[in-house]
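Heads up: the structure comes next, in structure tokens.
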Amino acid sequence: MAILLVEDDLEICTMLKDYLKTENFEVTAVHDGREACRRFRESDWDLVLLDLMIPVMGGMDVLQFIRKESVVPVIIISARDTETDKTLGLGLGADDYITKPFSVTEVLARIKANIRRATQYGIPAAAEDEILKAGEIVMDLSDYTVTKAGMKIDLTAKEFDILKLLMKNPKKVYTKEQIYSLVWNDAYFGDENAVNVHISRLRNKLEDDARKPEYIMTVWGIGYKLGGAG
């Protein structure tokens with residue numbers, strides 16, 4: 000698995016690179032945003048580890064560049080730990096957000112989880128040959144595509160999994176805790192931010208008017224369910 004590590008702190012960079020190599024990852028490290036964009040475009044990557052406070056071109060700009068090109072998993076690693084920073088990073092398309100200081104074992108666990116989800120997302124599921132429909136939205140589980148009124152919609156792995164969860168169970172209302180546990184495959188510690196941001200991104204991609212959703216419906220005080228099935 001090839002990882003692009005974007006980090007200007009040489010000590011952190013060396014620590015992560017050496018540790019991940021012992022876990023059989025191929026790690027390429029770059030130290031500024033412009034170089035990150037250049038290297039990202041030149042090769043295929045399984046995951047990107049991205050610091051936000053990097054020179055020449057900021058991490059948020061790099062993230063936007065990556066998302067215009069690819070749905071590869073991106074994990075932000077940053078000392079900026081405010082809810083605003085996390086919301087912005089996730090809103091721009093990051094899959095995960097780790098704050099400094101961190102443990103390398105935590106980073107490894109998050110890397111493996113995100114690559115596992117992305118791999119499952121990219122491989123046709125032989126056991127799931129269903130085509131799920133809700134209004135104008137069609138989800139084909141055989142090739143992991145989503146269309147609306149015949150137009151392809153590009154979703155990240157987590158966005159796809161959230162939509163799949165709702166479309167496979169159109170009458171069920173899911174709490175944020177249930178969505179997090181099922182999609183992130185991790186224990187829920189009360190951090191609603193990740194779920195909220197991904198729901199918002201899904202609405203922006205699926206809805207005619209994200210402020211008046213017809214597909215990703217809020218059930219106040221409980222969670223979310225699928226609309227548009229009729």
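When the count follows numbering that gives the first Met the number 0, it moves up by one through the sequence shown with no breaks and lands on 229 for the last residue.
Quick reminder that beta carbons are idealized off the backbone N, C-alpha and C, glycines included.
Just so you know, these numbers come straight off a predicted model, no measurement behind them.
Check	Outcome
Cβ pair residue 97, residue 214 closer than 8 Å	no
Beta carbon of residue 48 nearer than 8 Å to that of residue 5	yes
Identified DSSP bridge partners for residue 233	There is no way to answer for residue 233, as the model of the chain reaches only from 0 to 229.
Residue 58 vs residue 32 beta-carbon contact at 8 Å	yes
Through-space distance from residue 169 to residue 229, alpha-carbon basis	Low per-residue confidence applies at residue 229: pLDDT is 43, beneath 50, and the placement is therefore not dependable, though the value from the model is reported in the following sentence. Looking at the two C-alpha atoms, the distance is approximately 10 Å.
Coarse secondary structure for residue 240, derived from DSSP in three states	In the structure displayed, the chain extends from 0 to 229; residue 240 sits before or after that span and is not available.
Rounded separation between residue 72 and residue 85 - CA only	16 Å
Whole-number beta carbon distance between residue 193 and residue 89, since they are thought to touch under 8 Å	6 Å
Pairwise C-alpha distance: residue 182 and residue 221	17 Å
Where residue 216 falls: helix, strand or coil (DSSP)	strand
Where the beta strand (DSSP E) through residue 222 begins and ends	222 to 225
Beta strand (DSSP E) segment containing residue 147, residue limits	144 to 147
Stretch-stretch touch, CB-based, cutoff 8 Å, three pairs: the stretch 130 to 144 with the stretch 202 to 218	yes
Residue 174 (DSSP reduced to helix, strand or coil)	strand
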